[in-house]
Each structure stands twice: as C-alpha cells, then as structure tokens.
Amino acid sequence: MAKLGFLGLGIMGYPMARNLLAVGHEVALWSNTLSKATTLAASNPAATVYGTPAEAASNADCLFLCLGNTEMSERVLLGEKGVIEGAKPGTVVVDASTVSPSASRRIGTALEARGLKFLGAPCTGSKPGAEGGNLTFMIGGEEAVFENVRQFFEPMGKRLYYCGGPGMGLHAKLSQNLILSNILQAFNEGIVLSTKAGVDPQLMLDILANSAAKSGLIDFKAPFVLKRDFSPNFSVKWMHKDIGLMLESGKDLEVPLFLTALTHQLFQSAISQGLGEEDICSTIKTLEKVTGVEVKSQK
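For the sequence shown, my numbering gives the first residue as 733, with consecutive numbering after it.
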C-alpha cells in the first residue's frame, strides 16, 4: 500500500481521507482543527497525525488536500510550514479544493519549481458522495502524472474526468456549479410561486419529475426543503465563494454571466440573513420570507 497524505478534514475531506485508510493506505493527516485528525487516527492505525502541512507532506509520496477557498490552499501549499517546505522532490500534490483557476496555475508553477508534481482536481458529489466514495473528480494538469496516481483517486470517486492542462479541471467544476446554482434559484422561484398559488408542493415536484424540467439537483434537494432539513451537505457560504470564482473567470475570459451575477447576490442575501452555514437549499428561505410562504410537506 502507498504512503499518502491528506490535508483538510472538513465535511468533504474527513470521509475522503477515511476512504483512503479503508483500503489499506498509510495516510499522513493534517487539519487546521487538530481534533478532527486525532479522531480519525484513533480508529485507524495506518493514520498518523502531524502538526504542520510540511510535516505531513514529508511523509507522503502522493498528497491530497481539500480546503475551503483559494487563500487556504495557497497558505497550506506555499506558506510558512507549508507543503512546499516539506515535500520530497517527485511528490505528487493533488488539490481537490475548488479554487481560482489562475491561482491554481500559479501554485502549480511554484511547486513544480521545487521538483513537485501538481494536479488541480476539484470534486463534486457533496457530503453523501464523499462518504460513499462516489465523488466525481475533474482533473487538470499533466495527464501522465494523473495516470500514475489514478489508483489513489478510486477509493474516493467513481468518475474521473481528465479535462486538460493546469486549471482546466477547475474551469469544468465551476461551469458545473454555475449551472447548479442557477437551476436552484429557478426552482426556488417556481416552487414558492406554485405554493403561494395553492398547488401542493409534493404534487408540483411530481410534475417537475415527469416533465422536461426534470433535474437531478431538484430531485435530490427538494425533499430536504419539504422536510425543512437544511443541515449542510454543501453550504451556502461555499457555493457563494464558487459563484464568485465563476464571475472572476467570466471576467478573465470576457464572458458575460448575467444570471450568475444575480445568483451571486441572492446567495449573498441568504448569508446576510444568517444562512451561510446551512445547505444551499436553504436559499429558498430568502424568497419565503419576502412572500410569507413556507414550502413544506403537507402530510
């Protein structure tokens, strides 16, 4: 089995690292919240907790990280006591975080100047996908490097898409989240409108599921809305961050993103109302508050 590392043990990272341990790999762990690393290591003798990213990196031949934003990734990879200070030449560093494509390319260039290999490999599937090892990864970087470490992705994800050179996996991931976030806002408006008109929300969902408006996102998220369960699988604050990255990429590539700019403000409104830590489906509350309607199961 391989000597791997995993940095960042949040909602996604914790089960991802656990899945690597479950297939027998040795895994060097680091988390900004030490208790998460010690908890995971307590029941996994192949896991070792380290105090800094540099220390964890020095004990891994392939290192994964899954962090919240660009600044976190840059600090953990390039900062003081970061990966760049500890990793051995030839180590493959895989950033599964959703960060700025331009920043990811800059980070990769800095790491490669030290003899390290770098892949930007954001993932999708939210908490259930991470827990079940069913994530989808979108990989950017040198294809040969990816193929050499493909086997290490497989305990964490079942769909692995090589998208091209540095930053290309991130462009694919952001495009997917752009579509998801805009679909979610369309759903919020439609289901609040039909509910206020008097249509049973469950009936409306059945209609949507059997029409051209059918959506995997709606099929997954709507039952949580009807149950009023907004515990986070993918939080409002992180999607808001991703939408900001979409707008940044649109500016860089001179692509106007009209709907996405509005969706960014709708997510900001949800954060301003204290919903940042809740699941993205809680954004419906902003429209419910304005209209005086609550979309919930009538049974």
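Beta carbons are placed, not taken as given, at the ideal position from N, Cα and C, and that holds for glycine.
Can you tell me the Cβ-Cβ gap for residue i and residue j, rounded? I've got them flagged as a contact below 8 Å.
i      : j       : result
Ser943 : Asp1011 : Not a contact, Cβ separation roughly 25 Å.
Lys820 : Asn965  : With a Cβ gap of about 36 Å, Lys820 and Asn965 do not count as contacting.
What's the gap between the Cα of residue i and the Cα of residue j?
i       : j       : result
Thr823  : Ala734  : 12 Å
Gly756  : Lys768  : 20 Å
Val808  : Gly864  : 27 Å
Gln883  : Lys1021 : 48 Å
Gly745  : Thr765  : 12 Å
Met804  : Ser836  : 12 Å
Met748  : Asn880  : 19 Å
Gly1008 : Lys969  : 5 Å
Leu772  : Gly742  : 12 Å
With burial defined as no fewer than 16 other Cβ atoms inside 10 Å of the residue's Cβ, what is the status of residue i: buried or exposed?
i       : result
Val987  : exposed
Val825  : buried
Arg750  : buried
Lys905  : buried
Leu994  : exposed
Thr1023 : exposed
Gly800  : buried
Ser981  : buried
Thr1015 : buried
Glu806  : buried
Can you tell me which of the three DSSP states residue i falls into?
i       : result
Arg846  : coil
Ile871  : strand
Thr1051 : Here the chain covers residues 733 to 1031 and nothing more, so residue 1051 does not appear.
Gly800  : coil
Glu806  : helix
Could you tell me whether the Cβ atoms of residue i and residue j are closer together than 8 Å?
i       : j       : result
Thr1018 : Ala1002 : yes
Ala842  : Ile816  : yes
Val781  : Leu795  : no
Val1027 : Val924  : yes
Leu949  : Leu892  : no
Leu902  : Thr856  : no
Met978  : Leu910  : yes
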